[in-house]
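So the protein sequences, as listed, match chains A and B. Numbering-wise (our numbering), the first sequence opens with residue 46 and increments by one. Numbering-wise (our numbering), the second sequence opens with residue 42 and increments by one. Data first, discussion second: the structure below is written as structure tokens.
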Amino acid sequence: MKRILFTLIAISILSISFGQEHSGKDKSIPSVVLKDMNGKTINTAELAANGPVIISFWATWCAPCKRELNTIQDLYTDWQEEFGVTLVAVSIDDEKTKNGVPTYVNGRGWEYIVLMDPNSDFRRAMGVNNVPHTFLINKEGTIVYSHNNYAPGDEELLYKEMLKLKSN
Amino acid sequence: MKKLLSLSFLIIGFFAHSQLDRGNFTGNIESIFQYLNKDSIIGATQPTSKGLLNSYMNVYYTHGNFRGGLRFESYLPRIQGYPTAFDGTGLGMRYVGYGNKFIDVTAGNFYEQFGSGLALRAYEDRALGYDNMLDGIRVKLTPYRGITIKGVYGLQRLAFRSGIQHSNGTVRGGDAEFNINDIFQSLQEKQLKVVVGGSFVSKFQEDTDETLILPQNVATYGGRLGLRYKGFTLDGEYVTKGQDPSVDNNFIYNTGFATVVNAGYSRKGLGIMLSAKSVDNMSFRSDRTKIMQDVLINYLPALTKTHTYNLVSSLYPYATQPTGEIAFQGEIVYTIPKGTKLGGKYGTTLNLNASTAFRPKRTPNPTFETDSSGVAYTTRPFAMSDSLYWLDVNASISKKFTKNFNMIFSYYHIVLNNNVGAVTKQEGNIKSNTFVLELGYKFKNRSSLRTEMQMMFVNRINDNNDHVRWNAPGAKATDNGDWATLMVEYTINSNWMVSIMDQYNFGHYDKSKRAHHPYFTVGYVTGPTRVMASYGRQRAGMFCVGGVCRYVPASNGLTLSVTHSF
């Protein structure tokens, strides 16, 4: 019984890696229904409907996440003009800290679209281990770049990726 | 056999995709290896196996309306401080699902939350070692725009022993939510937004007790309301629970309740939030004999800020008392605008937060011992005593001086009633004052430096454990005394970083225990992959995520970790 199980597991993993080779980079955003800070429901699969999107997973208790999003805030207007990009900040704060999200977002004056993922459904679907984790999605809805962690200067990598997107 | 069937189902799915269409794979991997040494100064022991390993890999697949997923887990054995409910290697999650615009069905494992989770929340936190997922079936219906109906029926994951071990009880429930502005087209553009919802959750566990007649079915139900008007928000939920004698409440026959109310106002540059919570006898588990973090069906959020600096986050944190507490929290975030005298070129952000928790006021039942009601006391929502469980007042100021130089200064005043939310052996209240200065500097060559300087001062006690002034005769520092942390992190480029941290309890009353805890880390990040190696001493402390904490013993040794997302 066990042996059969493991054979099946091995096959499934092989099949996964095979699938990976095929799908390569054209991985699209999984569909999860989330709410924004106003309680409006949004299907994540439709996020890239109006042009390229940066999806950044963060939390109010995550210092590097806030460093990243506060840094991008100073560049955001320029990025929007240059690339027509929208930043979607997905908060994985759960019920304990969720109420602090609008307080922080508005207190900081962020102009991003903020989505609430209180039970980490979207986080799981996107395969995010830990925050911050940032994705760049082109206007076809395909994930073209992703980066875990934030170190000062990583926003320049993201900028370069957007330049690549634009030149394509 | 069941496992085999579901697996084959998944595999068929995987093959189907490679033949016809691509489908979509996502997932992640995490692996943590530890090699630990004995270190008698900090009380660290060497595990008998010397090496420890935690690993997992999630694979999620979606193809059109179909989806499936699985997770392999390995604890060979589990890393230091990880809950004992994790052991062995095997399959820890598997599900298949189908969804269209009207119906969405998941069979197998799933995570779910009703409302704010007071009635039901199945979730995971792998870093913490928390996983109370359900295994059964979930159906979600969207019969009309703005209406969501959910039904769940399943067994909870109790432990992992080379496979899922289920809890004794069955969990079933339903939830409905109505977004009024979406349902009625005429209200769509109105400034006032209204969402109402209600949930019902019931558990079944057989009564095998020989002396007590235990309710085999216990229900929790409640309603919630959310209002938004311009910058104002008001959310509230109230749930009540039937008689549920358990180890948590010493087998009393009281009913329980929980309510949380949140109010907020925000506009650009200013955010204000106020929360209040009242909980009594609200521990709700699918097995009445379980304790700690096992098989909780609901989630009672602690109304405290989740702190990030290690001394304040891990020495004296607070977790909700599910048997009863009344708690309040308030927070203000204000950014002094750019270009003003105080705001400077980049603006200055001020953050003020306060939270507190008290014991509920209860009127004991005078005939508890003789009547057969089993009701130990009566109480009502927000009836509080003056017995303090927790107090936290903290403030921080964040300032960017130039394009390359920024600072955050924070102060925390925390009082923890260690008789209630015990985190150490010390009796009574533990008071602490902590100061943290964080500085960040970005060099021209794109490397950057960040430092954290933290100082925590605890209260002084005399031989009778009374709080006394720091310079009173015979005064000694409570618990493990005062602590300092110095951390320097150097990011060489977008791939490499190194950091060194030392935690030092310079104020321990026993001079032989004033130990340094040096810790070195090297990290490499490329895209979605992160590899880290750390070596050094880690002090004992609480590791908390979202108000759920676990104790991590002191350790000395090597930790290697790899994470990757795909």
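All residues carry an ideal CB built from backbone N, CA and C; glycine is no exception.
{"query": "I'd like the ranges of any beta strand (DSSP E) spanning at least 3 consecutive residues and lying wholly in the region 414-452 of chain B.", "result": "425-443"}
{"query": "Among B/F584, B/G210, B/S307, B/N106, whose alpha-carbon lies nearest the alpha-carbon of B/P256?", "result": "B/G210"}
{"query": "Could you check how far apart the C-beta atoms of A/L210 and A/L160 are, in whole angstroms? I think they sit under 8 Å.", "result": "About 22 Å separates the two Cβ atoms, so there is no contact after all."}
{"query": "Output the residue ranges of the alpha helix (DSSP H) runs that lie fully inside the region 526-562 of chain B and measure 4 residues or longer, sorted by chain position.", "result": "none"}
{"query": "Hey, B/Y452 and B/F484: beta-carbon distance below 8 Å or not?", "result": "no"}
{"query": "With the cut-off set at 8 Å, would you say B/T567 and B/S575 are in Cβ contact?", "result": "no"}
{"query": "Starting from B/K234, trace the beta strand (DSSP E) in both directions and tell me its first and last residue.", "result": "233-245"}
{"query": "Counting only Cβ pairs nearer than 9 Å, list the residues of chain A close to B/S157.", "result": "E140, K143, P163"}
{"query": "Would you list, in chain order, the members of the region 296-313 of chain B that have their beta-carbon closer than 7 Å to a beta-carbon of chain A?", "result": "N303, G305, S307, R308, K309, G310, L311, G312, I313"}
{"query": "Between the region 225-237 of chain B and the region 190-206 of chain B, do three or more beta carbon pairs fall short of 8 Å?", "result": "no"}
{"query": "Within the region 164-213 of chain A, note down every full beta strand (DSSP E) run reaching 3 residues or more, in order along the chain.", "result": "178-182, 187-193"}
{"query": "Among all the DSSP beta bridges, which residues are the ones paired with B/W524?", "result": "B/M497"}
{"query": "For B/F7, I'd like the list of residues in its chain whose CB is within less than 6 Å of its CB, leaving aside the five on either flank, ordered along the chain.", "result": "Here chain B comprises residues numbered 42 to 607, so residue 7 of chain B is not present and cannot be evaluated."}
{"query": "Taking Cβ-Cβ distances below 8 Å as the criterion, which residues of the region 167-198 of chain A are in contact with chain B?", "result": "R169, A170, M171, G172, V173, N174, N175, H178, Y190, S191, H192, N193, N194, A196, P197, G198"}
{"query": "First and last residue of the beta strand (DSSP E) that includes B/N303?", "result": "297-308"}
{"query": "Beta-carbon of A/W124 versus every beta-carbon of chain B: anything under 8 Å?", "result": "no"}
{"query": "List, in order along the chain, the chain B residues whose C-beta lies closer than 9 Å to that of A/W103?", "result": "Near A/W103 there are no residues of chain B at all, since even the closest Cβ is about 12 Å away, more than 9 Å."}
{"query": "Give me the Cα-Cα distance between B/G84 and B/E410, rounded to the nearest whole angstrom.", "result": "45 Å"}
{"query": "Measure how close the beta-carbons of A/V146 and A/T105 come, nearest whole angstrom, since I'm counting them as under 8 Å.", "result": "6 Å"}
{"query": "What does the Cβ neighbour count give for B/N597, buried or exposed, with the cut at 16 atoms within 10 Å?", "result": "buried"}
{"query": "Closer than 9 Å between beta carbons: that is the criterion. Which residues of the region 544-576 of chain B meet it against chain A?", "result": "G564, V566, T567, G568, P569, T570, R571"}
{"query": "Mind checking who B/A163 pairs with in its DSSP beta bridge?", "result": "B/E153"}
{"query": "Just the Cα atoms here: how many angstroms apart are B/I455 and B/G138?", "result": "46 Å"}
{"query": "Please list the partners that B/M538 has in chain A, where partner means a Cβ-to-Cβ separation under 7 Å.", "result": "A196"}
{"query": "Measure the alpha-carbon distance for B/G122 versus B/R555 and round it to whole angstroms.", "result": "23 Å"}
{"query": "Considering only the alpha carbon of each residue, which of B/Q544, B/L344, B/H549, B/V416 lies closest to B/P559?", "result": "B/Q544"}
{"query": "Does B/E230 have its Cβ less than 8 Å from a Cβ in chain A?", "result": "no"}
{"query": "How would you label A/S62, buried or exposed, when you count the other beta carbons within 10 angstroms and need 16 or more for buried?", "result": "Low per-residue confidence applies at A/S62: pLDDT is 45, beneath 50, and the placement is therefore not dependable, though the value from the model is reported in the following sentence. Flag for A/S62 reads exposed."}
{"query": "In terms of residue numbering, what span does the alpha helix (DSSP H) encompassing B/I221 cover?", "result": "221-224"}
{"query": "Buried or exposed for B/N534, please, with buried defined as at least 16 other CB atoms from any protein chain shown within 10 angstroms of its CB.", "result": "exposed"}
{"query": "For A/C107, which three-state DSSP category applies?", "result": "coil"}
{"query": "Hey, does A/A108 have any beta-carbon neighbour from chain B nearer than 8 Å?", "result": "yes"}
{"query": "Along chain A, which residues have their Cβ under 9 Å away from the Cβ of B/Y375?", "result": "G152"}
{"query": "Alpha helix (DSSP H) containing A/V159: first to last residue?", "result": "Counting along the chain, A/V159 falls outside any alpha helix (DSSP H), though it belongs to the beta strand (DSSP E) covering 158-161."}
{"query": "Quick check on the DSSP output: the alpha helix (DSSP H) that includes A/T148 runs from which residue to which?", "result": "145-152"}
{"query": "Ends of the beta strand (DSSP E) at A/L132?", "result": "131-136"}
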